[in-house]
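J.: For the sequence shown, the working numbering assigns the number 369 to the last residue and increments by one with no breaks. Sharing a structure below in structure tokens format, with a few things to ask.
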Amino acid sequence: MDAAGMSPLGLMLEVIRQHSPKTIWTGAPLEAFRQVANTNRGDIGEEFVRRYLAQHGIEVAKEGSRVSTADMRVMGKMVEIKTASEGTGGNFQFNHIRLDRRYDYLLCLGVRPADIVFNAWTKGEVSEGKAGNLVRMAEGQSVTFKLTKKPSAMRAIEEIPDWARKRFSGT
């Protein structure tokens with residue numbers, strides 16, 4: 199503490215708080231997710247799905263490295279996972295969706311301030327626009343796309359074990 203009564207660190211933190219706008223994430227249970235770098239958010243989403251499905255007795259295997267054609271196998275099916283947090287407009291933007299990779303399903307994991315949602319489509323459904331409108335990530339390229347989804351188009355995360363069993367076992 200200096201002569202003025204507040205340490206430089208304390209003063210800086212106070213100024214930061216005053217200049218940091220409150221958002222839907224401020225003080226929320228999953229606020230820490232917004233502090234993580236985008237690349238790490240993807241890793242967190244993949245690991246969460248893997249552990250959550252395994253916790254429910256569903257066969258899951260990691261598919262190798264970051265350059266693998268899909269992120270994991272779920273009951274033998276190749277699954278690509280994209281993770282996004284709810285943005286200021288209330289939507290999710292799932293980035294870097296590729297149609298030139300070999301996978302059976304695209305699973306989109308959405309992290310909201312206080313809950314987690316998902317939805318998934320076959321690669322064919324994604325290609326045909328049934329998952330929504332794919333938009334190019336950059337002008338003039340046609341390799342990676344983004345998909346924007348409203349929370350109302352997503353499903354509660356608690357439904358994912360039953361969804362996986364029905365989709366992948368045929369029952």
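Here a beta-carbon is modelled for each residue, glycine too, at the ideal position from N, C-alpha and C.
(1) Report yes if the CB atom of residue 347 is closer than 8 Å to the CB atom of residue 289, and no otherwise.
(2) Between the Cα of residue 361 and the Cα atoms of 316, 287 and 302, which residue gives the shortest distance?
(3) In angstroms, rounded to a whole number, what distance separates the CA positions of residue 351 and residue 208?
(4) Indicate the three-state DSSP secondary structure (helix, strand or coil) for residue 301 in the structure shown.
(5) So, with DSSP's three-state summary, where would you put residue 207?
(6) Between the C-alpha atoms of residue 224 and residue 299, what's the straight-line distance to the nearest angstrom?
(7) My parser needs the alpha helix (DSSP H) runs of 4 or more residues fully inside the stretch 211 to 238; what are they?
(8) Relative to the C-alpha of residue 367, which candidate in 221, 321 and 256 has its C-alpha closest?
(9) Using only the alpha-carbon positions, how far apart do residue 291 and residue 204 sit?
T.: According to the structure shown:
(1) One thing to note: residue 347 has its Cβ within 8 Å of the Cβ of residue 289.
(2) The candidate whose alpha carbon is nearest that of residue 361 is 316.
(3) Their Cα atoms are separated by approximately 43 Å.
(4) Reduced to three states, the DSSP call for residue 301 is coil.
(5) Secondary structure at residue 207: helix, using DSSP grouped into helix, strand and coil.
(6) Distance between the alpha carbons of residue 224 and residue 299 is about 37 Å.
(7) You should have 229 to 233.
(8) Of the listed residues, the one whose Cα sits closest to residue 367 is 256.
(9) Taking the straight line from one Cα to the other gives about 41 Å.
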